[in-house]
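In what follows, a structure is listed as structure tokens, so that the remarks can point back to it.
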Amino acid sequence: MPTVSVKWQKELYPAVEIDTTQSPYVFKCQLYDLTGVPPERQKIMVKGGILKDDSDWSKLGLKEGQKLMMVGTADVIAKAPEKGPVFMEDLPEEEQVVAVGHSAGLFNLGNTCYMNSTMQCLHSVPELKSALTEYPQSGRSNDLDQSSHLLTVATRDLFNELDKNVKPVAPMQFWMVLRKKYPQFGQLHNGSFMQQDAEECWTQILYTLSQALRSPSTSANLDTVKELFGIDLVSRVHCAESGEESMETETVYSLKCHISHEVNHLHEGLKHGLKSELEKASPSLGRSAVYLKDSRINGLPKYLTIQFVRFFWKRESNQKAKILRKVDYPLELDIFDLCSDDLRKNLEAPRQMLRDEDGRKAGLKLKQKNTSSVDSDVKMSDAEGPSTGSGESSKATLGEAVASDKNVQLTGVYDLVAVLTHKGRSADSGHYVAWVKQENGKWIQFDDDNPIPQREEDITKLSGGGDWHMAYICMYKARTIPM
Amino acid sequence: MESEPNNTASGSGNPKEEATLKVPSKDPKTKDDKKDEDLSEEDLALKQQLELYVERAQDADLGLQKVALESMRQEIRTSTSSMTSVPKPLKFLRPHYGTLKSYYETMADSDLKKLLADILSVLALTMSAEGDRESLKYRLLGSEGDIGSWGHEYVRNLAGEIAQEYSKRVNEEATVDDLIELVEQIVAFHMKHNAEPEAVDLLMEVEFLDLLVKHVDKTNYKRTCLYLTSSARYLPGPDDVSVLDIAYTIYSKFEEFPSALQIALYLDNMQHVKQVFTSCPDLLRKKQFCYILARQGISFELDEEMCADEEDREALQEIINNTKLSEGYLTLARDIEVMEPKSPEDIYKAHLLDGRASAGASVDSARQNLAATFVNAFVNAGFGQDKLMTVTSETSGGGSLGNWLFKNKEHGKASAAASLGMIDLWDVDTGLAQLDKYFHSNDNHVTAGALLGVGIVNCGIKNDCDPALALLADYLDKEDSSIRIGAITGLGLAYAGTQNEQIRDKLTPILGDPKAPLDVIAFTAIALGLVYVGSCNEEVAQAIIFALMDRSESDLGEPLTRLLPLGLGLLYLGKQDSVEATAEVSKTFNEKIRKYCDMTLLSCAYAGTGNVLKVQHFLGQCAQHLEKGETFQGPAVLGIAMVAMAEELGLDMAIRSLEHLLQYGEQNIRKAVPLALGLLCISNPKVHVMDTLSRLSHDADTEVAMAAVISLGLIGAGTNNARIAGMLRNLSSYYYKEANLLFCVRIAQGFVHMGKGLLTLAPYHSERFLLSPTALAGLVVLLHACLDMKAIILGKYHYVLYFVVLAMQPRMLLTVDENLKPLAVPVRVGQAVDVVGQAGRPKTITGFQTHSTPVLLAAGDRAELATEKYIPLSPILEGFVILKENPDYREEA
């Protein structure tokens, strides 16, 4: 009966007796007592290999005091999880979008960056997307002309494409339809399409959509676009000469930020833009007189569009020249003081709540952190779920939006969600780029077919004052408070 | 090297010029007269005196002659001591050289004639025309008196003439005995006067280095050997071997055994190694030898002759087997306080990037997870703990779905399982325990990874029980090829350089197996190449050659086929001419692979030799413009690096040549250039190479860019170099959308922070003198795999990245006491200075800082003890060094 020493992991068991008359299995059982490793998991190194249960001791040439080494653990065998992780590489292309965290870029079809950037900005409005999904393919209302219908359908399709793809999309169809509807975008110069003013494009598309998306079924004039972007203004028109005064109301789709020498900040520009002088026939004076028009906001939109009036027609050069003046704009815009008194009253309560909420958040940062991590987990599981189809999910958001419509209150506070910038010296030249905040809070610069991630602090640096990209149109999203 | 003694000496060059200038002048006489006027009275007197001597020397009266000659000699001797100007007597005697010469011819043989010959010999120093060697001629005719009495310059000049005369006589096959006699005198003189380089140079010229052994003594043998070893690098074979043999003999003679051992290892002469062991009586010193052997990574069995006592022998063998490497490494880590495991995110440092950080992908990317697996493995290599693999699922971060292993896809799981081997590197016991449970997995990839992991954990470690062989052997014949590859590669890594016959018997049949898929065969060839690296083993070579010949035409086009010639090449790594027979055979291969094979074999055979001719040969190959999309230029470019990496001068030259290739080469050359640069500066981030690679990492060609990114990792491997880390971080945001390049960037980041900065990949060690063949082999395999990045590393064979483990070594100095326990002593660490051939006792390091051991050594660093209390048993302070207490040390009050 030779005695050997057995080394197992870092331990050494000296003087283990081997009964050479018994099979090695007995020896393994001996070791089981010592180490707790079940015999079938034990691997004992002897000359030239592993000790088998039916080996013959005599052939192994064991020596007294020989050192044996045993490998084996009693650890549980690692099992593959029931449901393996889903890898980005395995996903179909449309689902990779979620993983990438932003939607696709748009190819430039020859000076179409103004269109691309406009569409990228509008694409970031989920409510518009869902409204478009609802839009019927064939059943167009009678008062809509064919080209408007086609443009709406093309918009819907383009938005879908953008959502589905990771790789850049070529907006061929849309581009054709747009040119059909608005022939001015089809202008040629030296055989190629001309650069156009993005603001014009923006306005025209919104106009068409507002026409198309007026739901004919409901008796109420439910205009989706107006609801989303329309700003109700109430203006007091005052004539200094005659002392006449009248009230007017109107709905506009964007506020203008006029840039003059005193304007350094968006707020000042907006105030400027709400005051205007006009000349019209005064009934009391019997001649035309100068009227002062002082507008106030009476109804807030969900998405506040602000246009920086950077371009003016320069007669001598016969082009839209650009004002390069730096005008700062905030990530968070409060337009309370631009509102009419009625609206202010209505806003007071929600604003108070918003302030309270902020206070709470500041006080309980820790708790908030926890919830956010839960949030991200939820998101993850969503993403990992089987393909639900983007249509379905957007329907869900639509339902949500509709449901929440009733019990959500605007506060007059807006967050920046998209910036359309221009680089160059005139509206019909240079380069337009869209900077869009994604749902995950990251900013992406859509430079035609090339989406580039950006930092939030860099977004506010697009305020002009040089030859870098400067904001031309800003889109703010309303901060709401549930009631 | 001393080119020609009489040109290097500033004093002797000028007069000769004057002499030659004077001849064409029209009226020498008047000039001389004019000169006379300038002379001081004293000089004039001397001149006249000498002229008188010359006249008298030709006198018929022998007595007068003798007096004249002796006085002349006296004048010369007393004045030659001055080094800065031409000795006056020589100057004044110059016009009479011709006269004396012609008079000498007329003299009858006598002592006087010899005396005159002596004087003529000295005069010839400044007078004789180049190539006449008159100084030597008259010396041989002269009295053969004390050679040193004529001064140092004379001896140097004579040595130069001997060298010329010798080569002339050898050509004419004339006898050289008289020269050798003179040589002996000169050598004796040089050795006595601290001019060892001159002595060595002369002896090398006359091919009689054996003479040196007789003349070295305790005071000068170190300088002599240093000169011998460093000049050996520039000598053509077989001269370099004979020079090193002499150095070995001298070291042995003076019982400087560690140095002798190093030379024996350089020569790869096991007989010498054995001799070192048998001739050294001291056990403690033998232990130090064992540490040196272990660092070189060769397997060596001690026998009774080398160490009589069995217990001692076991202790020594244990050191050779590297069993304590892990312990030492962890001691270093604890001392530097880097035990805390690091996660891949700690390495990526995404928060330092400008907003460009990947948009917080909510879905796992298999590619990125695989990259994280590798980064985690490299960064935590050898520490035994990490944040992905060794943590249990309960403790791992919230939300993750259990084990990290299963966050990898298919073959990715193999690399993940194998990464455990890397994390437990060198700690065989723990590693095997960790890996054990994965053997029982029902997922083939996991099992394959575990097998590979066993190989990794055993890399460079030998164990009497041979656990790697025992565990892996059973899996060699499994059906699943991924399991087979895992086991084969594991064996290759675990037994690299051991020439283990059991492995050969198990692996060679696979090569001949007609049913084995190509990838299995390719990895078998590599494994065999590693096990038999530099052995020139015929049988293995045959097996691989047959395997190559059996490949079908379509197989030969596969990217993995490149591993077969490489396996063959590894057998001849650094063995120079021995490859010739095999290279001849390779000429019969299929056209598709012939040239590729030829380049690979040649590059391996001359790896680490610095052979300039081979570098030129490779450059010539790269200059061809290929039409048919052949790929052999890739290994040729790598070959430049492999050959030229031997010494600094050649290395710098190679870097410049590679720049040219970059500008004029085609794509298949350009993509190999960054890899070659990576090999040349491995773990040694030279700024200009870094800049070149940084530029290439933005190359329009993705393959060039990928190679450059990987090479950035290689040159910074284990250094934590902040500049490279920054570059890679920026690249990670630059390439955030290109999965392939991003993967390369991640791997490179893993390399740079390898072992948290405690490791090096440099195959050269011991002050850049010795080359570890296994380490080089591992790197070469990796680089060859990188030649086709897309198919191999970015494909499903990414585990070739683990071959780098062969080159991984702690870049430390760990001092141990006589019981081999770590001992903290102050050491100075600074930039090494080349002191070869310098006079006096120059400082060997510059810009040093004093630390307490264990310390990290960067590339080009050298350490020296800052205390007299201990005596190191190895002259080179690297790796493990045993310290002995200095018996003469007295504590200062």
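Protein chains in written order, with my numbering: chain A, 1 to 483; chain B, 1001 to 1893. Virtual Cβ for every residue (Gly too), placed ideally from N, Cα, C. These numbers come from a predicted model, not from an experiment.
Residue burial classification, residue i (beta-carbon count within 10 angstroms, cutoff 16)
i: R1828/B; result: buried
i: Q1831/B; result: exposed
i: M172/A; result: exposed
i: R287/A; result: exposed
i: Y1894/B; result: Residue 1894/B falls outside the range modelled here, since chain B spans only 1001 to 1893, and no answer is possible.
i: C29/A; result: exposed
i: N1886/B; result: exposed
i: P482/A; result: exposed
i: K63/A; result: exposed
i: D1466/B; result: buried
i: F312/A; result: exposed
i: Q1624/B; result: exposed
i: S1552/B; result: exposed
i: P1258/B; result: buried
Neighbourhood of residue i by C-beta, 8 Å cutoff - its chain only, sequence neighbours within 5 removed
i: I1545/B; result: L1568, T1582, V1585 and S1586
i: R1563/B; result: In the sequence on display, residue 1563/B carries Leu and not Arg. Result list for L1563/B: A1522, F1523, A1525, I1526, V1781, H1784 and A1785, in chain order.
i: R1504/B; result: L1528, V1531, Y1532, N1537, E1539 and V1540
i: D1443/B; result: K1413
i: L1601/B; result: P1565, L1568, G1569, Y1572, V1579, T1582, A1583 and S1586
Residues near residue i by beta carbon distance below 6 Å, same chain, minus five either side
i: P1024/B; result: Unreliable placement is indicated for P1024/B, whose pLDDT of 44 sits below 50; the coordinate value is still reported in the next sentence. Nothing meets the Cβ criterion.
i: A1019/B; result: Low confidence applies to A1019/B: its pLDDT is 42, below 50, so where it sits in the model is not reliable, and the reading given next is rough at best. None.
i: V1273/B; result: A1264
i: N1740/B; result: L1794
DSSP state of residue i mapped onto helix, strand, coil
i: W468/A; result: coil
i: T1600/B; result: helix
i: S1128/B; result: coil
i: K1478/B; result: coil
i: S219/A; result: Annotation note: pLDDT 45 at S219/A (below 50); position unreliable, coordinate value reported separately. Three-state result, S219/A: coil.
i: Q1831/B; result: strand
i: I1347/B; result: helix
i: F308/A; result: strand
i: C239/A; result: strand
i: A1009/B; result: Low local confidence applies: a pLDDT of 40 at A1009/B is under 50, so the model's placement there is unreliable, with the coordinate-based value given in what follows. Here A1009/B sits in coil by DSSP.
i: E248/A; result: strand
i: K1098/B; result: According to the sequence shown, residue 1098/B is Gly rather than Lys. Helix, per DSSP.
i: N1321/B; result: coil
Contact set for residue i: own chain, Cβ-Cβ below 7 Å, skip 5 residues either direction
i: Y1291/B; result: I1319, G1879 and F1880
i: L162/A; result: S103, A104, H123 and V169
Residue i: first and last residue of the uninterrupted alpha helix (DSSP H) it sits in
i: Q445/A; result: Per DSSP, Q445/A belongs to no alpha helix (DSSP H); it is in the beta strand (DSSP E), W443 to D447.
i: G1750/B; result: A1739 to V1752
i: Y1291/B; result: L1283 to Q1296
i: T35/A; result: P24 to T35
i: H1851/B; result: Not the alpha helix (DSSP H): H1851/B falls in the beta strand (DSSP E), residues I1845 to S1852.
i: F1523/B; result: L1518 to V1531
i: Q1838/B; result: Note, Q1838/B: premise wrong, no alpha helix (DSSP H); not H, not E.
Continuous beta strand (DSSP E) stretch holding residue i: start and end
i: V436/A; result: H431 to K437
i: K275/A; result: K275 to S282
Beta-carbon separation (whole angstroms), residue i vs residue j, contact threshold 8 Å
i: N1611/B; j: G1634/B; result: Actually they are not in contact, since the Cβ atoms of N1611/B and G1634/B sit about 20 Å apart, beyond 8 Å.
i: L1046/B; j: F1092/B; result: 6 Å
i: L1202/B; j: I1162/B; result: 7 Å
i: L1865/B; j: V1825/B; result: 6 Å
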